[in-house]
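Visitor: Numbering (UniProt numbering), first residue to last: 1 to 254. The structure follows.
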């Protein structure tokens, strides 16, 4: 009887693991990643100097990005959101170039733009590490003056990297607290969030970040609710600042 119960329990647990894996796989494909392979414009269109960059991840994926030289010694390492590719961030890159004068490096995760492969949570983490390694290999980048700048999904990637490799500072725009919390928004009144616990879990990972944190969030954000940015802020260590953007939605924070 005992062996039967153990077998049933083991089978039940295995079944839950399989269900969670299948659910996460479908969630990634249908709700998390929306890449585009078409580069629609470059910084040259807005009069900004840039350099085409290719670099390789630890698992052999050749990624594409742009390095935009600035006038100072601070470098902004960009982590864009879940849709489009780097060409859809040209206007923001121009603003940073003209107003802040920082060096900028933006790249496409695997499966986005000219970067081959299939996007995944693990892949974005591998890509972020490779991007940082590339920056550190440049002689025109000051290693201890790299700021991580993450928007939406990219905020989660930036937090994970910052928890393991400290930046000068961490800047997040419209960040979600975790995929589990976002699943509650997308699938209310269901237990689906239990199947994705630990996925893009920024609210836990940010506790390991001991560098200045700045979070921007619009109060009209219908994609990532404001409370999630606030929840992430509460979990962050000092020094930190939360900047509310009145009348601002998810994609117009700049």
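Don't be surprised by glycine CBs; every beta carbon is placed ideally from N, CA and C.
Determine the contact status of residue 235 and residue 203, defining contact as a CB-CB distance below 7 Å.
Guide: For the purposes of this step, residue 235 is identified with residue 235 of the chain shown, where counting begins at 1. For the purposes of this step, residue 203 is identified with residue 203 of the chain shown, where counting begins at 1. Contact flag set, yes.
Visitor: Leaving out five residues on either side along the sequence, give the residues of the same chain with a beta carbon under 6 Å from the beta carbon of residue 163.
Guide: One-based indexing of the chain shown puts residue 163 at position 163. Cβ within range, chain order: 205, 208, 209.
Visitor: Specify, as a first and last residue, the run of the beta strand (DSSP E) that residue 243 falls within.
Guide: Within the chain shown, the letter at position 243 stands for residue 243. Run containing residue 243: 240-245, per the beta strand (DSSP E) assignment.
Visitor: By how many angstroms is the C-alpha of residue 211 removed from the C-alpha of residue 248?
Guide: Taking the first residue of the chain shown as position 1, residue 248 is located at position 248. Taking the first residue of the chain shown as position 1, residue 211 is located at position 211. Cα to Cα, residue 248 sits roughly 27 Å from residue 211.
Visitor: Assuming residue 164 is part of the beta strand (DSSP E), what are its boundary residues?
Guide: The sequence position of residue 164 within the chain shown is 164, counting from 1. Unbroken run through residue 164 is the alpha helix (DSSP H), 153-164; no beta strand (DSSP E).
Visitor: Compare the C-alpha of residue 231 against each of 175, 251, 166 and name the closest.
Guide: Along the chain shown, one-based indexing puts residue 231 at 231. Looking at the Cα atoms, 175 is the closest of the given residues.
Visitor: What is the DSSP secondary structure of residue 21, reduced to helix, strand or coil?
Guide: To locate residue 21, count along the chain shown from 1; it is residue 21. Interpretation of residue 21 is limited by its pLDDT of 49, a score under 50 that renders its predicted location unreliable; no figure is taken from the coordinates.
Visitor: Could you compute how far the alpha carbon of residue 70 sits from the alpha carbon of residue 139?
Guide: Along the chain shown, one-based indexing puts residue 70 at 70. Along the chain shown, one-based indexing puts residue 139 at 139. Cα to Cα, the separation comes out at about 14 Å.
Visitor: Based on Cα-Cα distance, which residue from 89, 78, 170 lies nearest to residue 130?
Guide: As a working note, residue 130 is residue 130 in the chain shown. Of the listed residues, the one whose Cα sits closest to residue 130 is 78.
Visitor: Taking Cβ positions, are residue 105 and residue 135 nearer each other than 7 Å?
Guide: As a working mapping, residue 105 is identified with position 105 in the chain shown. As a working mapping, residue 135 is identified with position 135 in the chain shown. Yes, the Cβ-Cβ distance between residue 105 and residue 135 is below 7 Å.
Visitor: Residue range of the alpha helix (DSSP H) that residue 228 falls in?
Guide: Against the chain shown, residue 228 aligns to sequence position 228. Run containing residue 228: 226-235, per the alpha helix (DSSP H) assignment.
Visitor: Which residues in the same chain as residue 124 place their Cβ atom closer than 7 Å to its Cβ, once the five residues preceding and following it in sequence are excluded?
Guide: Along the chain shown, read from residue 1 onward, the residue named residue 124 stands at position 124. Once the five neighbours on either side are set aside, the close Cβ partners of residue 124 are 109, 157.
Visitor: Counting only runs of 3+ residues fully inside the UniProt domain "Serine aminopeptidase S33" (76-183), write out the beta strand (DSSP E) ranges in chain order.
Guide: Segments of the beta strand (DSSP E) lying fully in the UniProt domain "Serine aminopeptidase S33" (76-183): 103-107, 146-151, 169-173.
Visitor: Should residue 46 be counted as a contact of the ligand HEM given a C-beta to heavy atom distance under 6 Å?
Guide: What this structure holds is no ligand at all, so the ligand HEM is not there to describe.
Visitor: Rounded to whole angstroms, what's the CA-CA distance from residue 117 to residue 62? Just pull it up for me.
Guide: What you label residue 117 is simply residue 117 of the chain shown in a count that begins at 1. What you label residue 62 is simply residue 62 of the chain shown in a count that begins at 1. Rounded to the nearest angstrom, the two C-alpha atoms are 9 Å apart.
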